[in-house]
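Using the working numbering, read the sequence shown as starting at 2 and increasing by one per residue.
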Amino acid sequence: MDRLSAMDVFVRVAETGSFTAVADHLGLARSMVTRQVSALEAHLGVKLIARSTRSLKLTAEGEVYLERCREILGLVGAAEGDLSGGDRRPRGPIRISVPVSFGVRYLAPLVAEFVNIQPEVSLDVDYNDRQVNLIESGIDMAVRITSQLDPTQVARRLSTSRMLTLASPDYLARHGRPELPQDLAAHHCLGYTASARSSWPFRVDGETLWVPVKSRLQSNSGDALVDACQRGLGICRQPSFIAAPALKAGLLEAILTDYPGPEVGIYAVFPSNRYLPTRVRALADYLAECLGPVPSWDQG
């Protein structure tokens, strides 16, 4: 038995709660994954996982051993990275999850070029707006766009975007231009929510003011809301990376610019309690360098 390999398999099973998911992720037969954990239990002389037909649960010994395995595997990974030297090329598979609009528009060409310049790396990209559980889904890195990152997450800031309030010239000609955030109460708005009524944040005199708006149309797609906004159906609030093409084409105008929305951070988020492989770190470094602190959509 390769004990380090068995430890890695045990950690993955404990974190996902599934032998089958681990087998699929590693490209192994389920029986092989089961045998690795069983061999580890036989070697230790204790039961690590209590199995039933419906679920898996760590025993008390398994809980203790899980934390020790995480520490050991992290140290091994760090030691290998330190000793391999700076000329080691990234290699191996990377599975990432990215939001659909941002991913297709900006990340797709970057990850394609990353694979081109790193021939020993393979990428599996999941375009999905759901915030998936990285450990359960076997994701090595997720790109998250948020104004407030969970402080418990292990993350690297890649870039930034601005939140803009937008309207078409036609809409403004028919309904007038709001001069203050509070003026939105008299306007049709297009909300990225499931609620018929929501609030949008604005910076007013150094403070955050939440302004209630009536959403005439809601969608979970920023692109769909920008399209509706271009058609004059109402005012929308979108990040600049989605709004930039329509603004540059003159199809939309940024309004209430004296009262900006919160800055939105673009982050690479990683599974917690796990050593970050060289290949994943290289991808995050590459994306941060390409996107930059002042990204292309906020230039000009």
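Beta carbons are placed, not taken as given, at the ideal position from N, Cα and C, and that holds for glycine.
Below 8 angstroms between beta carbons: does that hold for L59 and A7?
Against the sequence shown, residue 59 aligns to sequence position 58. Against the sequence shown, residue 7 aligns to sequence position 6. Cβ atoms of L59 and A7: not closer than 8 angstroms.
Using the beta-carbon count (16 or more within 10 Å), is W298 buried or exposed?
Within the sequence shown, numbered from 1, the residue matching residue 298 stands at position 297. Burial call: buried.
Rounded to whole angstroms, what's the CA-CA distance from D206 to P272? Just pull it up for me.
By one-based count along the sequence shown, residue 206 stands at place 205. By one-based count along the sequence shown, residue 272 stands at place 271. Cα to Cα, D206 sits roughly 39 angstroms from P272.
For the beta strand (DSSP E) holding M164, just list the boundary residues, first then last.
Translated into positions along the sequence shown, residue 164 becomes position 163. Start and end: M164 to A168.
May I ask you to list the residues that DSSP assigns as paired with D125?
Your numbering for residue 125 matches position 124 in the sequence shown. R96, per the DSSP bridge assignment.
Three or more C-beta pairs under 8 angstroms: does that hold for the segment 224-233 against the segment 116-123?
no
Give every residue of the same chain whose Cβ lies closer than 6 angstroms to the Cβ of L67, excluding the five residues on either side of it in the sequence, and list them in chain order.
Mapped onto the sequence shown, residue 67 falls at position 66. The residues are A15.
Could you tell me which whole beta strand (DSSP E) segments of length 3 or greater appear in the segment 223-265?
236-240 and 254-256
With a threshold of 6 angstroms on Cβ separation, who are the neighbours of G192 within its own chain once the five nearest residues in sequence on each side are excluded?
Mapped onto the sequence shown, residue 192 falls at position 191. For G192, where only same-chain residues beyond five positions count, the Cβ hits under 6 angstroms are S199, S216 and Q219.
Nearest-angstrom Cα distance between D125 and P94?
The residue labelled residue 125 in the question sits at position 124 within the sequence shown. The residue labelled residue 94 in the question sits at position 93 within the sequence shown. So the alpha carbons of these two residues sit roughly 8 angstroms apart.
Given Q37, which residues of its chain have a CB within under 8 angstroms of its CB, disregarding the five upstream and five downstream residues?
Walking along the sequence shown from the start, residue 37 turns up at place 36. Excluding residues within five positions, the ones whose Cβ falls inside 8 angstroms are M2, S6, A7, V10 and F11.
Quick one: what's got a C-beta closer than 6 angstroms to L108's C-beta in the same chain, skipping five residues either side?
Along the sequence shown, one-based indexing puts residue 108 at 107. Closer than 6 angstroms at Cβ, skipping near neighbours: V99.
If I follow the unbroken alpha helix (DSSP H) through I118, where does it start and stop?
Taking the sequence shown and counting its residues from 1, one reaches residue 118 at position 117. From DSSP, the alpha helix (DSSP H) with I118 extends over A109 to I118.
Counting only the same chain and skipping the five closest in sequence on each side, list residues whose C-beta sits under 7 angstroms from that of R158.
The sequence position of residue 158 within the sequence shown is 157, counting from 1. Excluding positions up to five away in sequence, the list reads G266 and Y268.
Helix, strand or coil for P202 per DSSP?
Position 201 of the sequence shown, counted from the first residue, corresponds to residue 202. Strand.
Closer than 8 angstroms is the cut-off here; do at least three beta carbon pairs connect the segment 253-261 with the segment 158-170?
yes
What do you reckon, are the CB atoms on V155 and P182 nearer than 8 angstroms?
Locating residue 155 in the sequence shown gives position 154, counting from the first residue. Locating residue 182 in the sequence shown gives position 181, counting from the first residue. Their beta carbons are not under 8 angstroms apart, which means V155 does not touch P182 by this criterion.
Between S1 and the rest of its own chain, which residues show a CB-CB distance below 6 angstroms, the 5 nearest in sequence each way excluded?
No answer is possible for residue 1: it lies beyond the span of the chain, which begins at 2 and ends at 301.
Could you spell out the range, first to last residue, of the alpha helix (DSSP H) harbouring A143?
Working through the sequence shown from its first residue, we reach residue 143 at position 142. From DSSP, A143 is part of no alpha helix (DSSP H) but of the beta strand (DSSP E) over M142 to T147.
What does DSSP give as the partner residues of Q219 in its beta bridges?
As a working mapping, residue 219 is identified with position 218 in the sequence shown. Per DSSP, G192.
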